Amino acid sequence: MSDVDLAVRLLRATPTHENRAEPQLREWAETALAYGDELAATGEDDGVRVVEREGGAGKRELLLAEHHHGTVTVYSDSLQKVEELARAKGWPVTREALRRAAVEHEIAHHRLDVRELNRRLGHTAIRFGCLRVRGHVAGAEEIAAHRFAHRRSGLAVSPLLITTALAGGK
Numbered sequence: 034m035s036d037v038d039l040a041v042r043l044l045r046a047t048p049t050h051e052n053r054a055e056p057q058l059r060e061w062a063e064t065a066l067a068y069g070d071e072l073a074a075t076g077e078d079d080g081v082r083v084v085e086r087e088g089g090a091g092k093r094e095l096l097l098a099e100h101h102h103g104t105v106t107v108y109s110d111s112l113q114k115v116e117e118l119a120r121a122k123g124w125p126v127t128r129e130a131l132r133r134a135a136v137e138h139e140i141a142h143h144r145l146d147v148r149e150l151n152r153r154l155g156h157t158a159i160r161f162g163c164l165r166v167r168g169h170v171a172g173a174e175e176i177a178a179h180r181f182a183h184r185r186s187g188l189a190v191s192p193l194l195i196t197t198a199l200a201g202g203k
């Protein structure tokens with residue numbers, strides 16, 4: 034399954050998109066993935082501090098990492114759960130590659146310009162005659178950040194595939 038297919042699945046699972054047409058979701062997925070590729074091709078991220086600690090794996094939530102004030106916190110208990118999932122699926126994924134992908138994903142969120150992504154997506158939320166209010170496409174930022182992380186980390190499988198598997202979809 035391609036990243037476009039996986040991204041369409043992610044969008045379709047988002048409550049605001051469950052009844053949208055397949056071609057619309059596919060176009061948004063392709064746009065968000067292309068934006069992630071473009072971001073990944075730009076400069077390095079100096080000065081990001083990375084710390085690791087426990088506390089990301091809850092009963093109904095798995096938080097791999099988060100970015101606050103120039104520091105990315107990676108949750109080692111969550112990394113272990115993802116590593117176990119990858120091993121069970123037979124995916125050639127190392128803990129270090131997962132860790133790098135989690136850090137890069139957070140860097141992507143810090144770097145991406147939501148207004149620019151929304152402009153590229155071209156979603157209209159409201160129209161008043163000739164006036165148009167641009168809308169936000171829920172899930173598009175995640176798709177772009179997943180793609181950025183994949184490109185920058187060298188992870189052997191797509192983070193979108195991992196996310197789909199964690200959600201129980203594959």
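What the sequence shown shows, in my numbering, is residues 34 to 203, in sequence order. Note that CB positions come from ideal geometry on N, CA and C, so glycine has one too. None of these values were measured; they are calculated from a predicted model.
(message) Which same chain residues end up closer than 6 angstroms to Asn52 when comparing Cβ atoms and leaving out the 5 residues on each side of it in sequence?
(response) Here residue 52 is taken as the residue at index 19 of the sequence shown, counted from 1. Cβ neighbours of Asn52 beyond the five flanking positions: none.
(message) Taking the straight line between their C-alpha atoms, what separation do you get for Ala177 and Ala67?
(response) As a first step, residue 177 must be located in the sequence shown, where it is residue number 144. As a first step, residue 67 must be located in the sequence shown, where it is residue number 34. Rounded to whole angstroms, Ala177 to Ala67 spans 8 angstroms at the Cα level.
(request) Verify whether the separation of the beta carbon atoms of Leu97 and Ala141 is less than 7 angstroms. (result) Against the sequence shown, residue 97 aligns to sequence position 64. Against the sequence shown, residue 141 aligns to sequence position 108. Their beta carbons are not under 7 angstroms apart, which means Leu97 does not touch Ala141 by this criterion.
(request) Please classify Thr196: does DSSP put it in a helix, a strand, or coil? (result) Counting from 1 along the sequence shown, the entry for residue 196 is found at position 163. DSSP, reduced to helix, strand and coil, places Thr196 within a helical segment of the structure shown.
(request) Starting from the C-beta of Glu137, find all residues in its chain whose C-beta is less than 7 angstroms away, skip the five residues before and the five after it, and write them out in chain order. (result) Against the sequence shown, residue 137 aligns to sequence position 104. Here the set comprises Phe181, Ala182, Arg185 and Ser186.
(request) Give the DSSP-derived three-state secondary structure of Leu145 in the structure shown. (result) In the sequence shown, counting from the first residue as 1, residue 145 sits at position 112. Coil at Leu145, not helix or strand.
(request) Go ahead and label Val115 buried or exposed: buried means 16 or more other beta carbons lie within 10 angstroms of its beta carbon, across all protein chains shown. (result) Stepping through the sequence shown from its first residue, residue 115 is reached at position 82. Val115 should be labelled buried.
(request) Just mark Arg132 as buried or exposed, buried being the case when its beta carbon has 16 or more other beta carbons within 10 Å. (result) Stepping through the sequence shown from its first residue, residue 132 is reached at position 99. Per the 10 Å Cβ criterion, buried.
(request) Determine the extent of the alpha helix (DSSP H) in which Leu39 is found, giving its start and end residues. (result) Indexing the sequence shown from 1 puts residue 39 at position 6. First-last of the alpha helix (DSSP H) with Leu39: Asp36 to Arg45.
(message) If you reduce the DSSP assignment to three classes, tell me which class Val84 lands in.
(response) Position 51 of the sequence shown, counted from the start, is the residue given in the question as residue 84. In the structure shown, the three-state DSSP call for Val84 is strand.
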